[in-house]
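Peer 1:
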């Protein structure tokens with residue numbers, strides 16, 4: 037290509053075009069066609085009759101449901117509270133009951149209600165739906181936590197570009213300390229949004245802030261470390277890791293049983309899922325399962341520390357001095373182009 041300016045523009049278009057493809061594949065693949073995939077449900081009853089009924093429901097649903105039987109309503113409530121099942125059906129000649137927890141997943145509760153409403157109708161009785169964990173009135177669908185995840189994530193990965201571009205002359209250690217401090221501020225903003233501003237959280241704001249800090253610090257440290265090696269491509273890497281794969285697998289809109297196997301698998305260990313499910317446990321389920329979610333965030337933080345440590349070794353003083361030595365052959369135009377690349381990296385991230 038004869039024109040360096042045109043080649044420069046086309047090169048920089050690669051990143052947004054790849055983002056377009058990636059976002060389309062990720063969001064449309066995860067959210068366009070939600071339907072149950074091995075959604076766990078329970079049927080209350082003992083003896084052969086209950087097992088036959090459960091098998092009948094399973095046969096009718098196919099791979100959409102995984103059906104188990106439990107002996108009592110109390111056992112069913114416990115399973116729903118622990119989020120081991122999405123819903124539990126209690127047969128009854130007069131008033132069959134469906135037990136759900138919409139705070140765990142409003143979409144999941146709706147999906148399981150659609151499954152069992154026709155079952156009750158065939159018995160000629162209306163279905164009673166009992167919601168044992170409803171979201172707060174300020175967040176009636178329970179999806180506010182997903183948008184909190186988005187806010188904290190954007191504050192985190194956009195800060196990576198700012199630290200990488202503006203802090204290029206600083207050592208990795210200093211950049212890492214800035215990242216940790218930035219994570220504390222991002223976590224504080226998240227806690228303010230969740231508490232006083234939008235009232236998603238009516239208690240335990242301190243713990244919510246700590247979890248937001250853990251989540252944000254992991255992202256920031258991974259980004260600071262990756263920037264040493266990827267430079268302006270760091271933005272694309274961060275978008276893939278913490279937007280395309282992260283938001284879609286978080287369970288904030290659809291829990292894994294309403295998604296395909298790929299996103300359902302990511303939900304088991306990705307940091308966004310750890311954050312969303314951890315906050316749900318904190319706010320609605322008496323901390324049940326929160327330890328596992330916190331450990332998920334800790335593991336991602338450790339990964340961030342490891343990546344940053346590798347970057348620090350790579351940028352040893354001798355190597356860094358060589359890398360930052362001025363190039364006598366660099367023209368003013370080339371220097372301006374290099375500075376524009378740094379500015380573009382930060383702009384695209386934000």
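Residue numbers (the working numbering): 37 to 386.
A virtual CB, placed ideally from N, CA and C, is assigned to each residue, including glycine.
1) Would you call residue 349 buried or exposed, if buried means 16 or more other Cβ atoms sit within 10 Å of its Cβ?
2) May I have the straight-line CA-CA distance separating residue 310 from residue 40, to the nearest angstrom?
3) Go through its chain and collect everything with a Cβ distance to residue 262's Cβ below 7 Å, but skip five positions before and after it.
4) Got a sec? Which residues, its chain only, sit under 8 Å from residue 188 by beta carbon, not counting five neighbours each side?
5) Tell me where the beta strand (DSSP E) around residue 135 begins and ends.
6) In three-state terms, what does DSSP make of residue 104?
7) Following the continuous beta strand (DSSP E) through residue 120, name the residue where it begins and the one where it ends.
8) Apply the 10 Å Cβ neighbour rule to residue 238 and answer buried if 16 or more other Cβ atoms are within range, or exposed otherwise.
9) Take residue 318 and list the residues in its own chain whose beta-carbon comes closer than 7 Å to its own, dropping the five residues that flank it on each side.
10) I need the DSSP call for residue 166, collapsed to helix, strand or coil.
11) If you drop the 5 nearest sequence neighbours on each side, which residues of the same chain put their C-beta closer than 6 Å to that of residue 125?
12) With distance defined between alpha-carbon atoms, name the residue in 208, 232, 192 and 168 nearest to residue 321.
13) Applying the 10 Å Cβ sphere with the 16-neighbour rule, what's the burial state of residue 57?
14) By the 10 Å Cβ neighbour count, where 16 or more other Cβ atoms means buried, how is residue 34 classified, buried or exposed?
15) So which of 259, 229, 145 and 217 has the shortest CA-CA distance to residue 186?
16) Could you check the C-alpha separation between residue 63 and residue 82 for me, to the nearest Å?
17) For the putative contact between residue 111 and residue 74, defined by C-beta atoms under 8 Å, what is the C-beta separation to the nearest angstrom?
18) Would you call the segment 162-181 and the segment 202-213 touching, i.e. three or more CB-CB distances under 8 Å?
19) What are the start and end residues of the alpha helix (DSSP H) that includes residue 77?
20) Among 214, 329 and 91, which one has its Cα closest to the Cα of residue 155?
21) Is residue 139 near residue 178, with beta carbons less than 8 Å apart?
22) With 16 other CB atoms within 10 Å as the buried threshold, where does residue 313 fall?
23) Measuring straight from C-alpha to C-alpha, what distance separates residue 55 and residue 323?
24) Going straight from the alpha carbon of residue 105 to that of residue 294, what length do you get?
25) Can you list, in chain order, the residues of its chain whose CB lies under 7 Å from that of residue 159, leaving out five sequence neighbours each side?
26) Can you tell me whether residue 32 is buried or exposed? The criterion is at least 16 other CB atoms within 10 Å of its CB, across all chains shown.
27) Measuring only the C-alpha atoms, how far is residue 173 from residue 267?
28) Nearest-angstrom Cα distance between residue 115 and residue 231?
Peer 2: On the basis of the coordinates in this document:
1) By 1-based counting over the chain shown, the position of residue 349 is 313. Its Cβ having fewer than 16 others within 10 Å, residue 349 is exposed.
2) Counting from 1 along the chain shown, the entry for residue 310 is found at position 274. Counting from 1 along the chain shown, the entry for residue 40 is found at position 4. Rounded to the nearest angstrom, the two C-alpha atoms are 46 Å apart.
3) Within the chain shown, the letter at position 226 stands for residue 262. So the list reads 270, 273 and 343, once near-sequence residues are dropped.
4) As a first step, residue 188 is located in the chain shown; it is residue number 152 there, counting from the start. The residues are 222, 223, 225, 226, 248, 251, 252 and 311.
5) Counting from one through the chain shown, the residue named residue 135 turns up at place 99. Residues 133-136.
6) The count along the chain shown starts at 1 and reaches residue 104 at position 68. Correct three-state label for residue 104: strand.
7) The residue you call residue 120 lines up with position 84 of the chain shown. Run containing residue 120: none; DSSP gives neither H nor E here.
8) Translated into positions along the chain shown, residue 238 becomes position 202. Exposed: under 16 other Cβ atoms inside 10 Å.
9) Working through the chain shown from its first residue, we reach residue 318 at position 282. Hits under 7 Å: 240, 243, 244 and 326.
10) Start at 1 with the first residue of the chain shown, and residue 166 comes out as number 130. If DSSP states are grouped into helix, strand and coil, residue 166 belongs with the strands.
11) Here the question's residue 125 lines up with position 89 in the chain shown. Taken in chain order, the residues that qualify are 79, 134 and 152.
12) As a position in the chain shown, residue 321 is number 285, starting the count at 1. The shortest Cα separation from residue 321 among 208, 232, 192 and 168 belongs to 168.
13) On the chain shown, position 21 is the one that residue 57 refers to. By the neighbour-count rule (16 or more Cβ atoms within 10 Å), residue 57 is not buried but exposed.
14) As shown, the chain starts at 37 and ends at 386. That puts residue 34 outside it, with no answer to give.
15) The sequence position of residue 186 within the chain shown is 150, counting from 1. The candidate whose alpha carbon is nearest that of residue 186 is 229.
16) Walking along the chain shown from the start, residue 63 turns up at place 27. Walking along the chain shown from the start, residue 82 turns up at place 46. Distance from the CA atom of residue 63 to the CA atom of residue 82, rounded to whole angstroms, is 42 Å.
17) To locate residue 111, count along the chain shown from 1; it is residue 75. To locate residue 74, count along the chain shown from 1; it is residue 38. Rounded, the Cβ-Cβ distance is 21 Å, inconsistent with contact.
18) no
19) Along the chain shown, read from residue 1 onward, the residue named residue 77 stands at position 41. Residue 77 -> not in any alpha helix (DSSP H); beta strand (DSSP E) instead, spanning 75-80.
20) Here residue 155 refers to the residue found at position 119 of the chain shown. Comparing Cα-Cα distances from residue 155 to each of 214, 329 and 91, the minimum goes to 91.
21) Within the chain shown, residue 139 is the residue found at index 103, counting from 1. Within the chain shown, residue 178 is the residue found at index 142, counting from 1. Contact flag set, yes.
22) As a first step, residue 313 must be located in the chain shown, where it is residue number 277. Looking at its Cβ environment, which holds 16 or more other Cβ atoms inside 10 Å, residue 313 is buried.
23) Here residue 55 refers to the residue found at position 19 when the chain shown is read from its first residue. Here residue 323 refers to the residue found at position 287 when the chain shown is read from its first residue. The alpha-carbon atoms of residue 55 and residue 323 are separated by roughly 37 Å.
24) If you number the chain shown from 1, residue 105 lands on position 69. If you number the chain shown from 1, residue 294 lands on position 258. As the crow flies, the alpha-carbon of residue 105 is around 21 Å from that of residue 294.
25) Counting from one through the chain shown, the residue named residue 159 turns up at place 123. Around residue 159: 132.
26) Since the displayed the chain opens at 37 and closes at 386, residue 32 lies outside it and no answer follows.
27) On the chain shown, residue 173 is found 137 positions in, with the first residue counted as 1. On the chain shown, residue 267 is found 231 positions in, with the first residue counted as 1. Looking at the two C-alpha atoms, the distance is approximately 45 Å.
28) Within the chain shown, numbered from 1, the residue matching residue 115 stands at position 79. Within the chain shown, numbered from 1, the residue matching residue 231 stands at position 195. Inter-residue distance for residue 115 and residue 231 is about 29 Å (C-alpha atoms, whole angstroms).
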